[in-house]
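Colleague: So the sequence shown is numbered by this note's numbering: it starts at 178 and just counts up by one. Think of the CB as a built atom: it goes at the ideal place given N, C-alpha and C, for glycine as much as any other residue. Values in this document were obtained by computation on a predicted structure and should not be read as measured data. One structure coming up, written as structure tokens, with questions to follow.
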Amino acid sequence: MQFKRAMADKIFDKENPKTQTRRLAPAPRWMVPGRRVPVQCGYRGKALGYIVIDKVYRQSLDKMMPVDIRAEGFNSFMGYIDYLRRINKKDIGIFTEVTVYEFHLEADDDK
């Protein structure tokens, strides 16, 4: 799964790791719970590590709770929305439907 470098780094943060990501596109059929996925910066980037998908579901952005915002690596809802608008290069409303991926960093016993 591709991440901007700053977001990838948050996945590996020991104290407050990023454990969710949201994407505008629907989930591919193969992206299911239990799936091991490389963390990459760019399409051809080397895997920095691996995450394991725990849950995949659709959600409207306005349904995000404070715990979800922190799991995304942000402190505020508007900070997160502004980031989404920048990386997607389009205006994204708070009622936009997204695919949510909840995950954890792969541990040695996950392999």
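Within the same chain, show all residues whose beta-carbon is closer than 6 angstroms to that of LYS181, passing over the 5 residues directly before and after it, in chain order.
Modeller: Taking the first residue of the sequence shown as 1, we reach residue 181 at position 4. Closer than 6 angstroms at the Cβ level, and outside the excluded window around LYS181, lies no residue.
Colleague: Please state whether DSSP places VAL244 in a helix, a strand or coil.
Modeller: Working through the sequence shown from its first residue, we reach residue 244 at position 67. Here DSSP, grouped into helix, strand and coil, assigns VAL244 to helix.
Colleague: Would you mind giving the Cβ-Cβ distance between MET184 and GLN217, rounded to the nearest angstrom? I have them listed as a contact below 8 angstroms.
Modeller: Position 7 of the sequence shown, counting from 1, holds the residue named residue 184. Position 40 of the sequence shown, counting from 1, holds the residue named residue 217. 11 angstroms between Cβ atoms; not a contact.
Colleague: Pop quiz: LYS191 and GLY250 are said to be a contact at Cβ under 8 angstroms. What is the actual Cβ separation, rounded to whole angstroms?
Modeller: The sequence position of residue 191 within the sequence shown is 14, counting from 1. The sequence position of residue 250 within the sequence shown is 73, counting from 1. Contact between LYS191 and GLY250 is ruled out by a C-beta separation of about 14 angstroms, above the 8 angstroms threshold.
Colleague: Just to confirm, is the Cβ distance from VAL277 to GLN236 under 8 angstroms?
Modeller: Here residue 277 refers to the residue found at position 100 of the sequence shown. Here residue 236 refers to the residue found at position 59 of the sequence shown. In contact: VAL277 and GLN236 (Cβ atoms closer than 8 angstroms).
Colleague: Relative to the alpha-carbon of ALA224, which residue among PHE189, LYS266, PHE272 has its alpha-carbon at the smallest distance?
Modeller: On the sequence shown, residue 224 is found 47 positions in, with the first residue counted as 1. The shortest C-alpha separation from ALA224 is found at PHE189.
Colleague: Taking C-alpha atoms, which residue in GLU283, ALA248, PHE272, ARG199 lies nearest to TYR234?
Modeller: As a working mapping, residue 234 is identified with position 57 in the sequence shown. Ranked by Cα distance from TYR234, the options GLU283, ALA248, PHE272, ARG199 are led by ARG199.
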